[in-house]
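So for the sequence shown, our numbering puts the first residue at 3; every next one is plus one.
We put the CB at the ideal spot given by N, CA and C, even for glycine.
Structure first, commentary second.
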Amino acid sequence: MDFDLEELVNIEQTFYEEGYKDGFAHGRIHGLIEGRALGREKGFEMWEELGFYQGFAMMWKAIVEGQAGQDERTITHIRHLLELIAQFPRENPSATGGPSELDIPKLFRQIRSRYKLLCATLGVRPTLRALDGSSVSPDRAAVDSLGSSARESPQKPQGARKNVWAVQSPGESSASTELSF
């Protein structure tokens with residue numbers, strides 16, 4: 003009965019290395035799946051916002067062009083906003099192979115800034131219509147998210163919608179709000 007004592011001494015390291023290899027391969031597969039799902043979600047959010055900006059600019063372009071006295075500043079801001087949106091890549095630049103010189107977050111900040119500038123020129127409050135139909139101001143979104151937890155009651159979970167109509171239990175009486183026909 004021959005035992006290789008060197009193998010026995012390093013048994014913990016051997017098990018560690020085998021476990022690391024298995025975990026790395028498993029994590030790589032799940033990381034790719036989760037990364038694709040997250041990329042798809044964030045890409046949809048970005049394009050939803052860009053579509054809003056483009057629609058806003060095209061609508062105001064049609065309105066301004068239809069007016070007799072056209073404001074050059076407004077037309078310039080609309081044109082620049084549409085040009086910035088046209089520069090935004092329509093496909094993933096990193097998937098094409100080579101390194102991309104395009105700074106997407108910087109371009110997105112420029113588009114948002116140009117949108118706010120256009121809104122200021124038009125005298126319109128900058129808003130973004132989210133998917134659920136609520137109105138969110140891009141520059142107030144951070145303030146709203148910080149202050150919302152303090153205003154909401156502790157019973158409401160985060161992300162719960164506010165009730166438009168008060169819901170009462172059948173046993174409660176509400177003589178002042180009840181209507182009878």
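Could you spell out the range, first to last residue, of the alpha helix (DSSP H) harbouring residue i?
{"i": "glutamine 112", "result": "106-124"}
{"i": "aspartate 24", "result": "13-68"}
{"i": "arginine 81", "result": "74-89"}
If you reduce the DSSP assignment to three classes, tell me which class residue i lands in.
{"i": "glutamate 9", "result": "helix"}
{"i": "aspartate 146", "result": "With a pLDDT of only 45 at aspartate 146, under the threshold of 50, the placement of this residue in the model should not be trusted; the figure read from the coordinates follows. It is helical."}
Write down the C-beta distance between residue i and residue j rounded to the nearest angstrom, noting that I regard them as a contact closer than 8 Å.
{"i": "glutamine 89", "j": "leucine 109", "result": "6 Å"}
{"i": "threonine 123", "j": "histidine 79", "result": "5 Å"}
{"i": "isoleucine 13", "j": "leucine 52", "result": "Incorrect: roughly 57 Å between the Cβ atoms, too far for contact."}
Express the C-alpha separation of residue j and residue i in angstroms, rounding to a whole number.
{"i": "glycine 41", "j": "valine 11", "result": "46 Å"}
{"i": "glutamate 36", "j": "arginine 114", "result": "28 Å"}
{"i": "leucine 148", "j": "leucine 104", "result": "Only weak support is given to the placement of leucine 148: the predicted model assigns it a pLDDT of 44, under 50, and the value that follows is read from those uncertain coordinates. Their Cα atoms are separated by approximately 32 Å."}
{"i": "alanine 59", "j": "proline 128", "result": "12 Å"}
{"i": "tyrosine 197", "j": "threonine 76", "result": "The structure shown does not extend to residue 197, since the chain is modelled only from 3 through 183, so no value can be given for it."}
{"i": "arginine 111", "j": "alanine 39", "result": "24 Å"}
{"i": "tryptophan 49", "j": "leucine 34", "result": "22 Å"}
{"i": "glutamate 47", "j": "isoleucine 31", "result": "25 Å"}
Does any C-beta atom of chain C lie closer than 9 Å to the C-beta of residue i?
{"i": "histidine 79", "result": "Among the protein chains of the structure shown there is no chain C, as only one such chain exists."}
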